[in-house]
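J.: Mind having a look at this structure? Questions to follow.
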Ligand SMILES: Nc1nc2c(ncn2[C@@H]2O[C@H](COP(=O)(O)OP(=O)(O)O)[C@@H](O)[C@H]2O)c(=O)[nH]1
Ligand code: SF4
Ligand SMILES: [Mg+2]
């Protein structure tokens with residue numbers, strides 16, 4: 013029997029997961045102090061900067077117990093954000109235990125609770141850990157009681173540590189060995205290995221991170237991906253230490269990687285089961301699903317010449333992120349681009365940021381929206397994730413929109429502003445639940461469309477950052493939804509169309525018209541800016557014709573100055589988008605697209 | 033033939049809108065004149081001194097802060113280095129510096145065109161502009177010009193000031209017209225970022241008038257001057273027939289010119305190519321270093337760039353730009369899509385084409401920056 017412990021850490025952002033993981037790596041001698049770089053596990057720049065985990069990672073440690081025994085630890089680091097809850101569920105599946113790390117000064121947050129319940133559902137052994145006990149503001153007693161209320165047990169079972177000073181880390185290491193069960197090691201069964209994450213390497217193809225649940229994965233064996241039915245050879249397998257460490261086999265209970273010239277991540281999907289081609293398992297590990305995008309947005313190159321580069325960049329991103337989907341889209345206003353689907357808002361932001369950072373792409377993105385289901389008068393039901401695809405008013409019988417169940421954890425002082433926000437967003441109050449430490453969990457049912465648009469920022473700003481949000485998809489519900497179009501001199505600006513609740517359309521229409529009037533420079537002719545539902549105009553503004561645009565002085569002999577100014581304007585013109593005969597500068601689009609409820 | 037520009041970088045005080053290069057310290061005037069003399073002398077026996085000089089322009093800053101001796105030495109140096117056969121020698125004057133004696137003195141030195149920085153006759157406006165002179169000084173300076181029988185002169189006006197009404201503008205124009213000026217430069221106020229005015233606008237303390245009002249004032253200037261026989265020949269320049277500024281017009285026609293003094297610009301186009309360069313706007317450097325050290329940004333212009341400049345400058349004038357000139361001097365011709373665009377503008381009344389010459393209409397002139405960018409894009 014091998015002595016193994018597979019576990020993950022459940023924690024809210026900033027509660028100290030990465031720091032604690034660093035300590036574990038240090039104390040087990042997996043990493044020397046010299047190699048120590050803060051937050052070893054978050055290896056993307058973006059992860060380090062934002063302090064978030066986007067991809068799952070795993071790291072193997074050998075822990076020498078004080079009694080001389082050596083135990084193998086596999087720490088599986090999971091993303092913390094709701095957008096990635098499927099990845100989290102797969103990572104949990106690969107573990108027998110979880111450390112529930114809670115900041116002793118902050119208390120439990122919404123996200124933590126939902127991940128914790130997932131872990132409990134999957135029958136993981138939970139080790140509650142109060143972190144940051146070195147902080148003067150730490151309240152081990154109060155926060156400890158919160159934990160007891162949540163998971164039962166006693167306060168005495170809660171470990172108290174400081175990832176910063178290292179206090180309590182020895183006890184934690186021992187508790188991991190003593191409380192978390194060793195995995196079942198059914199090596200005689202046919203192979204079942206769970207893919208809990210995969211990354212793409214341009215030389216090697218897909219690298220799958222796996223937990224062998226049953227059987228043995230041997231180097232050179234033929235392997236089959238049970239969901240996609242693709243077959244490959246296990247060319248290389250190994251352990252995930254700080255670097256990859258090759259080995260000949262991975263047995264049931266072990267965690268490692270496998271490489272098999274898998275050309276596309278689409279073949280090696282998170283949650284799929286790898287089995288042996290020769291000796292196939294009957295059933296895959298349960299719980300695999302195709303992740304569906306929840307949020308959609310158009311992505312267009314700022315400079316239309318960059319379309320092919322954008323395509324290349326998206327292709328590369330998709331290699332590493334199978335949950336990103338996209339297809340070409342043409343906008344009259346923005347030209348050629350893509351309609352992309354994301355798991356959620358954070359996922360969308362990450363993709364946008366990676367396009368900028370890793371590919372140096374200058375892009376315009378349209379307002380994010382959800383996927384609607386529309387019953388047509390002729391009885392057909394269609395799905396619409398792009399406002400411009402919404403049929404004419406006359407053809408629509410009913411519009412259905414996705415609802416989520418949102419749970420918001422907050423200090424009780426902020427109940428008022430949170431309820432106001434949720435009501436404004438067409439939320440339906442479900443209940444509230446008071447907890448220890450003056451904290452409340454408020455539950456609302458909300459149209460998802462109202463949450464993808466500037467909800468989180470408002471929540472944060474309305475509660476000084478104290479509230480946390482978690483949500484899950486609920487169902488599709490009927491709504492009085494309309495498409496709001498923006499027209500310039502009668503020509504529709506497709507990129508600015510949006511689907512909105514009828515009651516909000518008037519206000520939104522007026523606001524967009526006002527903004528455009530402010531930002532579209534005067535043209536040689538008068539421009540009517542209109543907002544319309546179908547053929548009915550509900551708001552209108554006018555951009556008066558250009559009356560004067562001429563430099564008074566040509567600055568004596570300083571002709572270069574004037575010429576450079578013209579050069580600059582010529583450049584600016586290139587970046588203008590044309591709708592009918594009206595030229596719209598980039599900034600006007602960006603301003604409207606990034607407009608939030610307040611401005 | 034060529035022109036000479038001399039930049040005198042001193043002013044009594046800083047006008048709020050001005051972003052020309054100048055200093056208000058008077059101690060440096062004499063050292064500056066000496067440095068200027070050596071810059072002029074550095075052009076001796078070069079290809080630049082071989083062409084006959086037809087125009088000289090003393091600008092600034094405030095050239096009228098220089099005294100007789102200083103001006104004498106400058107003209108002396110110019111004559112010793114260059115072959116001067118000037119049809120026009122202009123000097124910018126600020127009203128508060130002008131006396132009849134001063135005018136006779138500069139006339140004796142050869143100045144035959146005075147450019148009077150009047151800007152306005154309105155006390156409040158002059159204060160707002162932070163000008164050094166008051167309305168009385170503006171009147172007496174113009175009177176002195178008449179009394180000394182100065183060969184010709186021009187006066188500057190600024191319109192489109194914050195809070196300025198059409199009435200005060202009309203009064204300003206009437207007052208100026210009472211001196212029967214052969215030439216007027218009327219500029220609409222430009223808010224430059226690095227000026228006092230620019231700062232105040234940025235801080236929201238001053239609201240410049242909106243484009244519609246400035247456009248209206250532009251029309252007032254044009255019609256009122258036209259009624260007095262003073263015709264607009266460039267966006268900001270108006271004259272009686274035959275009294276157009278020669279030196280400035282030459283800038284627009286790509287005639288050669290050499291600029292002296294800090295921040296002065298030069299242009300030279302001969303068989304070996306067309307170049308622009310400028311002196312650094314840094315008096316300290318100018319005083320202490322050799323010309324080759326404060327000269328910067330030698331830029332070689334392609335024929336295409338020159339053609340674009342020609343359009344950019346020529347379309348601001350009543351003469352417009354002729355297709356033949358573009359073809360012959362610059363090897364430039366309009367593309368089909370440019371022609372299409374031009375025809376469209378002609379139809380809309382912003383441009384005209386006459387005898388294969390392209391010009392702006394008066395409506396077009398008002399938005400000529402916009403039109404030129406469109407034409408060249
Ligand atoms: N005082 C104190 N600060 C800590 C401790 N653990 C982490 N931190 C700090 O808390 C912040 C968040 O830690 P991090 O490990 O990135 O949290 P994560 O978002 O859960 O991965 C960082 O500024 C850490 O330096 C601790 O035990 N004590
Ligand atoms: S006098 Fe002329 S150069 Fe001097 S600050 Fe005033 S406007 Fe500028
Ligand atoms: Mg972290």
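Chains as they are written, first to last, in my numbering: chain P, 13 to 611; chain W, 33 to 409. Ideal Cβ placement from N, Cα and C applies to all residues, glycine included.
1) Kindly list the residues whose CB is nearer than 8 Å to the CB of residue 201 of chain W, restricted to its own chain and excluding five residues on each side of it in sequence; keep chain order.
2) Name the one or two DSSP bridge partners that residue 359 of chain W has.
3) Can you list the residues of chain W that residue 503 of chain P reaches, using a CB-CB cut of under 8 Å?
4) Reducing DSSP to helix, strand and coil, say where residue 129 of chain W ends up.
5) How would you label residue 144 of chain P, buried or exposed, when you count the other beta carbons within 10 angstroms and need 16 or more for buried?
6) Residue 231 of chain P: which of P:88, P:425, P:370 and P:287 sits nearest, CA to CA?
7) Do the CB positions of residue 326 of chain W and residue 311 of chain W come within less than 8 Å of each other?
8) Let me see if you follow: with CB-CB separation under 8 Å, is residue 397 of chain W close to chain P or not?
9) Which residues in chain W have a C-beta closer than 7 Å to the C-beta of residue 378 of chain P? List them in chain order.
10) Would you check if there are 3 or more beta carbon pairs closer than 8 Å linking the region 66-77 of chain W to the region 595-603 of chain P?
11) Closest to residue 205 of chain P by CA distance: which of P:107, P:223 and P:216 is it?
12) Can you list, in chain order, the stretches of the alpha helix (DSSP H) that have 4 or more residues and sit fully within the region 473-550 of chain P?
13) In terms of alpha-carbon separation, which member of W:375, W:380 and W:400 lies closest to residue 388 of chain W?
14) Report yes or no: is there a C-beta of chain P within less than 8 Å of the C-beta of residue 275 of chain W?
15) Anything in chain W within Cβ reach of residue 526 of chain P, meaning under 8 Å, just list it in chain order.
16) Taking residue 268 of chain P as the reference, give the member of P:350, P:87, P:150 and P:552 with the closest Cα.
17) Rounded to the nearest angstrom, what separates residue 115 of chain P and residue 311 of chain P at their Cα positions?
18) Contact between the region 270-286 of chain W and the region 314-322 of chain W: three or more CB pairs below 8 Å?
19) Should residue 432 of chain P be counted as a contact of ligand 1 given a C-beta to heavy atom distance under 7 Å?
20) Less than 7 Å between the CB of residue 94 of chain W and some heavy atom of ligand 2, yes or no?
21) Check each candidate in W:319, W:231, W:66 and W:146 and name the one with the smallest Cα separation from residue 88 of chain W.
22) Say the cut is 7 Å; is the CB of residue 525 of chain P nearer than that to a heavy atom of ligand 4?
23) For the region 253-268 of chain W against the region 344-358 of chain W, do three or more pairs of beta-carbon atoms, one drawn from each stretch, fall closer than 8 Å, so that the two count as touching?
24) How would you label residue 218 of chain P, buried or exposed, when you count the other beta carbons within 10 angstroms and need 16 or more for buried?
25) Would you report the Cα separation of residue 62 of chain W and residue 136 of chain W, rounded to the nearest angstrom?
26) Check residue 111 of chain P in the structure and name its three-state DSSP category.
27) Would you say the beta carbon of residue 46 of chain W comes nearer than 7 Å to a heavy atom of ligand 2?
28) Quick check: residue 545 of chain P and residue 494 of chain P, are their CB atoms within less than 8 Å of each other?
29) Identify the continuous beta strand (DSSP E) that holds residue 54 of chain W and give its terminal residues.
30) Which parts of the region 293-364 of chain P are runs of the beta strand (DSSP E), unbroken and 3 residues or longer, counting only runs that do not cross its ends?
31) Is residue 356 of chain P near ligand 2, judged by its Cβ being under 7 Å from some heavy atom?
32) Round the Cβ separation of residue 382 of chain P and residue 306 of chain P to the nearest angstrom and send it over; I've been treating them as touching at under 8 Å.
33) Give the interface partners of residue 341 of chain W over in chain P, defined as CB-CB distance under 8 Å, in chain order.
34) Going along the chain, which unbroken runs of the alpha helix (DSSP H) with 4 or more residues stay wholly within the region 283-365 of chain W?
35) Within 10 angstroms of the Cβ of residue 295 of chain W, are there 16 or more other Cβ atoms? Answer buried if so, exposed if not.
36) Can you tell me whether residue 23 of chain P sits near ligand 1, meaning its C-beta is under 7 Å from at least one heavy atom of the ligand?
T.: Here's the rundown:
1) Within the same chain, residue 201 of chain W has close Cβ partners 191, 249, 252 and 253.
2) Paired residues: none, contrary to the question.
3) In chain W, no part has a C-beta under 8 Å from the C-beta of residue 503 of chain P; the shortest such distance is about 18 Å.
4) Three-state DSSP puts residue 129 of chain W in a helix.
5) Under this definition residue 144 of chain P is a buried residue.
6) Nearest C-alpha to residue 231 of chain P: P:287.
7) Their beta carbons are under 8 Å apart, which means residue 326 of chain W touches residue 311 of chain W by this criterion.
8) With its beta carbon less than 8 Å from one in chain P, residue 397 of chain W belongs to the interface.
9) Those within 7 Å of residue 378 of chain P in chain W number zero; the least Cβ separation is about 26 Å.
10) The region 66-77 of chain W, when compared against the region 595-603 of chain P, does not touch it at the 8 Å Cβ threshold.
11) Residue 205 of chain P has its Cα closest to that of P:223, out of P:107, P:223 and P:216.
12) With a minimum length of 4 residues, the continuous alpha helix (DSSP H) runs that stay inside the region 473-550 of chain P are 514-531.
13) Taking only the C-alpha atoms, the option nearest residue 388 of chain W is W:375.
14) No, because no Cβ of chain P sits closer than 8 Å to the Cβ of residue 275 of chain W.
15) Going along chain W, no residue has its Cβ under 8 Å from residue 526 of chain P, so there is no contact; the nearest lies around 17 Å.
16) Of P:350, P:87, P:150 and P:552, the residue nearest in Cα terms is P:87.
17) If I take the Cα positions, the gap works out to 38 Å.
18) Too few Cβ pairs lie closer than 8 Å, so no.
19) The beta carbon of residue 432 of chain P sits no closer than 7 Å to any heavy atom of ligand 1.
20) It does: the Cβ of residue 94 of chain W is within 7 Å (strictly closer) of some heavy atom of ligand 2.
21) Looking from the CA of residue 88 of chain W, the closest CA among W:319, W:231, W:66 and W:146 belongs to W:146.
22) With respect to ligand 4, the structure shown offers nothing to examine, as its ligands consist of ligand 1, ligand 2 and ligand 3.
23) With the cut-off at 8 Å, the region 253-268 of chain W and the region 344-358 of chain W touch.
24) Here residue 218 of chain P is buried: its Cβ has 16 or more other Cβ atoms, across all protein chains shown, within 10 Å.
25) Rounded to whole angstroms, residue 62 of chain W to residue 136 of chain W spans 22 Å at the Cα level.
26) The answer is strand: DSSP assigns residue 111 of chain P an E or B state.
27) Yes.
28) The answer is yes: Cβ separation under 8 Å.
29) Annotation for residue 54 of chain W: no beta strand (DSSP E) segment contains it, and DSSP assigns it neither H nor E.
30) Taking only runs of at least 3 residues, the beta strand (DSSP E) segments lying wholly in the region 293-364 of chain P are 307-313, 337-343 and 347-354.
31) No, ligand 2 has no heavy atom inside 7 Å of this Cβ.
32) For a cut-off of 8 Å, the C-beta gap from residue 382 of chain P to residue 306 of chain P is around 7 Å, short enough to register as a contact.
33) In chain order: 571 and 575.
34) You should have 315-320, 323-326, 335-346 and 355-362.
35) Residue 295 of chain W comes out buried.
36) Answer for residue 23 of chain P: yes, Cβ within range of ligand 1.
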